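Going line by line, the protein sequences match chains A and B. Residues in the first sequence are numbered from 1 upward in steps of one, following the working numbering. Residues in the second sequence are numbered from 1 upward in steps of one, following the working numbering. Just so it is clear, CB atoms sit at the ideal spot from N, CA and C, and this is done for glycine as well. Remember, predicted model here, so these are calculated numbers, not experimental data.
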Amino acid sequence: MDKADIRPFLYRVATDPVYRAQLESDPVGTMAALGVSLDPAKDLPPNGIIALPSNQDILDNLDSLANQFESLACAMWDLCLLWLRP
Amino acid sequence: MSDIRSASVADLAPRFRRRKYFLVRVADDRTLDIARFLRGQVALRDETRCSLLCPVRGQSLPLSAGELVLTMKLPATRWMASSEIGLFSEQEHACLLDLAHRGIVLSEPAPDCWHDLAAGEDTLEQMHWDDLAAVFHAHSSWQGVVGGDTSTEHSEEDHRARLEALRRVRGDPPNHFVQRADATKRVELRIPPLDDGFFNTLRARRTTRAFRTDEALSFSALETVLYAVFGTYGIKVFAQGIAAIKRTSPSGGALHPVEAYLLVRNVDQLATGLYHYETGTHALAQLETLTVPEARELATMFVSGQTYFAEAHVLVIHVARFDRNFWKYARHRKAYKAVLMDSAHLSQTLYLTAAHLGLGAYYTAAINDSDIGRRLRLRPLREAAVGINGVGLADNERNELLFQTDPYRPVDHAS
């Protein structure tokens, strides 16, 4: 999955119950639509039961995940602001 | 044109060729760990990926090792004829169609989603772009980037906390002063007095982050800044149609490929809008008029959300004409760097001119160059925005972002 797609994907899973249910019932097809091919033997739980993180858990992690991807962009503003005094 | 995947191979008999600018990156990229996500955890994992770095669109296009090998069987300088395509198995042919749809190889006819690819590659070649420079240029371009400065706390304690956080992650920074341990001798130098007009201007140079938004910049001040920095005051004609111009800043090969475009926000006797400064005639060519709110919004977008920079009375956008520089320095490994340095020279001259006139100034490379190019209707791959100077009336009363230094004299610190 492309970096730029991760945050929208997680946000949609956490806020769109229909999409969440679709992912739970057909993970291979849902992820294929995003260009991600899953290996059922490796990627799916052995018992076949999908247990997604809770919506709150996903939302709580959104910013910290995004920060890991956006550190380069943030660094540009650090250059401007880091050494300043009031 | 219909999508080539929707028609049979026999119907379309597409021809293929490898892209001429084909730089591949192999790296571990962080991605969502789907397997753990389906087991109830939100986590990232490293995934080794191979990507073609597209210099036309600035995208990283994933491809597998097998696909790379297949691509290398294609010629880059001519289309592979239908008869030659028979050399490939049915599976390989299907793979080539898929690669064409993903922009990895060129096909004729082209898929709808990549209709601009062949023309883009041709332009890069005609402009004599060096391949590494073309990839770097495209992949360092920004579109729709918005940084957040409004929520940043600016107290000294906050800055110190951010620095300490950085130190925890990256260790101590390299020292701000350098002394060579292998030096055989040190010769002490006299500190000369820098107190006449020119040196006072040099010492007065600074970056301004607060502008007086309630007062307009005078038209004459803008005229002076533009003529002093971007104006032409000399010319040398070498041959029919080949001339070098003289500005107050140096330029690689005397080519002066950097043009000034203006986003005027608040200048006496000048409508708010977008302009091109014509250095040959010392005139402003109006490209677009804007309302005051539109100009504010556009300025903020141009400088990627740095609202304090967007307040400047005039934003001077440095637009590099790569085609002019590369006409002389074709596929030259140093040419791209030289163009960026041209912009830096002009910026310093603008800073000094502003300091001399008692105006505020800044320079930023954190700009949405892709968006600016579209708005100014620049010719893609031939010219592009590379930086923005702001100039205007500094608001020294509320410049909470002003960088204040303590006095320093090297003689007091001599070893």
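Original post:
Can you tell me the Cα-Cα spacing of asparagine 396 of chain B and leucine 350 of chain B, whole angstroms?
Top reply: Within the second sequence, numbered from 1, the residue matching residue 396 of chain B stands at position 396. Within the second sequence, numbered from 1, the residue matching residue 350 of chain B stands at position 350. About 19 Å.
Subject >> Backbone CA spacing between serine 151 of chain B and threonine 307 of chain B [nearest angstrom] >> reply: Residue mapping note: residue 151 of chain B aligns to position 151 of the second sequence, counting from 1. Residue mapping note: residue 307 of chain B aligns to position 307 of the second sequence, counting from 1. The predicted position of serine 151 of chain B is uncertain, since its pLDDT is 48 and thus under 50; no value can be drawn from it.
**OP:** Grab me the residues of glycine 390 of chain B's own chain with a C-beta within less than 6 Å of its C-beta, minus the 5 sequence neighbours each way, in chain order.
**Re:** Along the second sequence, read from residue 1 onward, the residue named residue 390 of chain B stands at position 390. Excluding sequence neighbours, glycine 390 of chain B sits near Phe309, Ala312, Leu315, Tyr362.
**OP:** Please list the partners that threonine 31 of chain B has in chain A, where partner means a Cβ-to-Cβ separation under 8 Å.
**Re:** The residue given as residue 31 of chain B occupies position 31 in the second sequence. By Cβ distance, chain A contributes Met1, Lys3, Ile6.
Subject >> CB contact check: valine 36 of chain A to chain B, cutoff 8 Å >> reply: Here residue 36 of chain A corresponds to residue number 36 of the first sequence, with the count starting at 1. So, interface residue.
Original post:
Roughly how far, in whole angstroms, is the beta-carbon of valine 229 of chain B from the beta-carbon of leucine 346 of chain B, given that I think they are within contact range, below 8 Å?
Top reply: Here the question's residue 229 of chain B lines up with position 229 in the second sequence. Here the question's residue 346 of chain B lines up with position 346 in the second sequence. Their Cβ separation, rounded to whole angstroms, is 6 Å, which keeps valine 229 of chain B and leucine 346 of chain B in contact under 8 Å.
Subject >> Closest Cα partner of leucine 340 of chain B within the set B/Ala133, B/Leu217, B/Ala65, B/Phe177 >> reply: Here the question's residue 340 of chain B lines up with position 340 in the second sequence. The residue with the shortest Cα to Cα distance from leucine 340 of chain B is B/Ala133.
Subject >> Pair within 8 Å by beta-carbon distance, isoleucine 480 of chain B and leucine 270 of chain B >> reply: The requested residue 480 of chain B does not occur in the structure, where chain B is confined to residues 1 to 415.
Original post:
Would a check of beta-carbon distances place leucine 435 of chain B closer than 8 Å to chain A?
Top reply: This structure does not reach residue 435 of chain B, given that chain B is present from 1 up to 415, and the question cannot be answered.
Original post:
Sorted by chain position, which residues of the same chain lie with C-beta nearer than 6 Å to leucine 290 of chain B's C-beta, five sequence neighbours on each side aside?
Top reply: Here residue 290 of chain B corresponds to residue number 290 of the second sequence, with the count starting at 1. The residues are Thr272, Gly273.
Original post:
What's the call for threonine 15 of chain A, buried or exposed, on a 16-neighbour Cβ count within 10 Å?
Top reply: Walking along the first sequence from the start, residue 15 of chain A turns up at place 15. Classification for threonine 15 of chain A: exposed.
Subject >> C-alpha gap between alanine 384 of chain B and lysine 42 of chain A, whole angstroms >> reply: As a working mapping, residue 384 of chain B is identified with position 384 in the second sequence. As a working mapping, residue 42 of chain A is identified with position 42 in the first sequence. So the two alpha carbons sit approximately 46 Å from each other.
Original post:
Listed in chain order, which residues of the stretch 34-59 of chain B have Cβ atoms closer than 8 Å to some Cβ of chain A?
Top reply: Ile34, Ala35, Phe37, Leu38, Arg39, Gly40, Gln41, Val42, Leu44
Original post:
Do the CB positions of alanine 76 of chain B and arginine 15 of chain B come within less than 8 Å of each other?
Top reply: The sequence position of residue 76 of chain B within the second sequence is 76, counting from 1. The sequence position of residue 15 of chain B within the second sequence is 15, counting from 1. The answer is no: Cβ separation not under 8 Å.
Original post:
Cα separation between glutamine 165 of chain B and glycine 171 of chain B?
Top reply: As a working mapping, residue 165 of chain B is identified with position 165 in the second sequence. As a working mapping, residue 171 of chain B is identified with position 171 in the second sequence. The question names glutamine, but residue 165 of chain B is alanine in the sequence shown. Approximately 10 Å, taken between the alpha carbons.
Subject >> Spatial neighbours of alanine 338 of chain B in its chain, beta-carbon cut-off 8 Å, leaving aside the 5 residues before and after >> reply: For this step, residue 338 of chain B is matched to residue 338 along the second sequence. Cβ neighbours of alanine 338 of chain B beyond the five flanking positions: Gly252, Gly253, Asn325, Tyr329.
**OP:** Find the nearest neighbour of isoleucine 245 of chain B within the set B/Thr232, B/Tyr21, B/Glu278, judged by alpha-carbon distance.
**Re:** The residue given as residue 245 of chain B occupies position 245 in the second sequence. Of the listed residues, the one whose Cα sits closest to isoleucine 245 of chain B is B/Thr232.
Subject >> Contact under 8 Å by Cβ, alanine 51 of chain A with glycine 40 of chain B >> reply: As a working mapping, residue 51 of chain A is identified with position 51 in the first sequence. As a working mapping, residue 40 of chain B is identified with position 40 in the second sequence. For alanine 51 of chain A and glycine 40 of chain B, yes; Cβs fall inside 8 Å.
Subject >> Where the stretch 35-63 of chain A meets chain B: residues whose CB sits under 7 Å from a CB there >> reply: Val36, Leu38, Lys42, Asp43, Leu44, Pro45, Ile50, Ala51, Leu52, Pro53, Asp57, Ile58, Asn61
Original post:
Could you check where the alpha helix (DSSP H) with proline 442 of chain B kicks off and where it finishes?
Top reply: Because chain B here runs from 1 to 415, residue 442 of chain B falls outside it and cannot be looked at.
**OP:** Answer with yes or no whether the minimum CB distance from proline 17 of chain A to chain B is below 8 Å.
**Re:** Within the first sequence, the letter at position 17 stands for residue 17 of chain A. False, the Cβ-Cβ gap to chain B never drops below 8 Å.
**OP:** Note down, in chain order, each residue of its chain lying with its Cβ closer than 6 Å to the Cβ of alanine 366 of chain B, except the 5 sequence neighbours on either side.
**Re:** Looking up residue 366 of chain B in the second sequence gives position 366. Same-chain partners within the cutoff: Ser304.
Original post:
Whole-angstrom Cβ separation of glutamate 84 of chain B and arginine 19 of chain B, contact assumed at under 8 Å?
Top reply: Here residue 84 of chain B corresponds to residue number 84 of the second sequence, with the count starting at 1. Here residue 19 of chain B corresponds to residue number 19 of the second sequence, with the count starting at 1. 18 Å between Cβ atoms; not a contact.
Original post:
For alanine 355 of chain B versus aspartate 130 of chain B, is the C-beta spacing smaller than 8 Å?
Top reply: Looking up residue 355 of chain B in the second sequence gives position 355. Looking up residue 130 of chain B in the second sequence gives position 130. Contact flag unset, no.
Subject >> Cα-Cα separation, proline 193 of chain B to aspartate 268 of chain B >> reply: Counted from its first residue, the second sequence places residue 193 of chain B at position 193. Counted from its first residue, the second sequence places residue 268 of chain B at position 268. Rounded to the nearest angstrom, the two C-alpha atoms are 39 Å apart.
Original post:
With alanine 394 of chain B and leucine 352 of chain B assumed to form a contact (beta carbons below 8 Å), what rounded beta-carbon distance in angstroms separates them?
Top reply: Here residue 394 of chain B refers to the residue found at position 394 when the second sequence is read from its first residue. Here residue 352 of chain B refers to the residue found at position 352 when the second sequence is read from its first residue. The pair is not a contact, with the Cβ atoms about 15 Å apart (cut-off 8 Å).
Subject >> 8 Å CB neighbourhood of serine 249 of chain B in its chain, flanking five on each side removed >> reply: The residue you call residue 249 of chain B lines up with position 249 of the second sequence. The answer, listed in chain order, is Val229, Asp342, His345, Leu346, Gln348, Thr349.
Original post:
Sorted by chain position, which residues of the same chain lie with C-beta nearer than 6 Å to methionine 76 of chain A's C-beta, five sequence neighbours on each side aside?
Top reply: The count along the first sequence starts at 1 and reaches residue 76 of chain A at position 76. The pLDDT assigned to methionine 76 of chain A is 44, lower than 50, so where the model puts this residue is not dependable; a value taken from the coordinates is nonetheless given after this. So no residue of the chain qualifies.
Original post:
Nearest chain B C-beta to methionine 76 of chain A closer than 8 Å, yes or no?
Top reply: Within the first sequence, the letter at position 76 stands for residue 76 of chain A. Note on methionine 76 of chain A: pLDDT 44, under 50, position unreliable in the model; the coordinate value appears next. Chain B, which has a Cβ nearer than 8 Å to the Cβ of methionine 76 of chain A, makes this yes.
Subject >> Reduced DSSP secondary structure (H/G/I, E/B, other) of phenylalanine 335 of chain B >> reply: Numbered from its first residue, the second sequence carries residue 335 of chain B at position 335. In the sequence as presented, phenylalanine is not what sits at residue 335 of chain B; that position holds alanine. Annotated three-state conformation of alanine 335 of chain B is helix, per DSSP.
Subject >> Boundaries (first-last residue) of the alpha helix (DSSP H) holding glutamate 90 of chain B >> reply: As a first step, residue 90 of chain B is located in the second sequence; it is residue number 90 there, counting from the start. Looking at the DSSP string, the run of the alpha helix (DSSP H) that includes glutamate 90 of chain B is 90-101.
Original post:
Relative to the C-alpha of methionine 301 of chain B, which residue among B/Thr281, B/Phe211, B/Asp369 is closest?
Top reply: Walking along the second sequence from the start, residue 301 of chain B turns up at place 301. It is B/Asp369.
Original post:
How about isoleucine 191 of chain B and proline 410 of chain B: do their beta carbons lie closer than 8 Å?
Top reply: What you label residue 191 of chain B is simply residue 191 of the second sequence in a count that begins at 1. What you label residue 410 of chain B is simply residue 410 of the second sequence in a count that begins at 1. In this structure, proline 410 of chain B lies closer than 8 Å to isoleucine 191 of chain B by Cβ.
**OP:** May I ask which residues mark the beginning and end of the alpha helix (DSSP H) holding arginine 170 of chain B?
**Re:** The residue given as residue 170 of chain B occupies position 170 in the second sequence. From DSSP, the alpha helix (DSSP H) with arginine 170 of chain B extends over 156-170.
Original post:
Taking Cβ to Cβ, would you say alanine 221 of chain B is nearer than 8 Å to leucine 357 of chain B?
Top reply: For the purposes of this step, residue 221 of chain B is identified with residue 221 of the second sequence, where counting begins at 1. For the purposes of this step, residue 357 of chain B is identified with residue 357 of the second sequence, where counting begins at 1. Yes, they are a contact pair.
Original post:
Which same chain residues, not among the five before or five after proline 380 of chain B, have their C-beta less than 8 Å away from its C-beta?
Top reply: Position 380 of the second sequence, counted from the first residue, corresponds to residue 380 of chain B. The residues Gly120, Thr123, Gly373, in chain order, have a CB closer than 8 Å to that of proline 380 of chain B in the same chain once the five nearest residues on each side in sequence are set aside.
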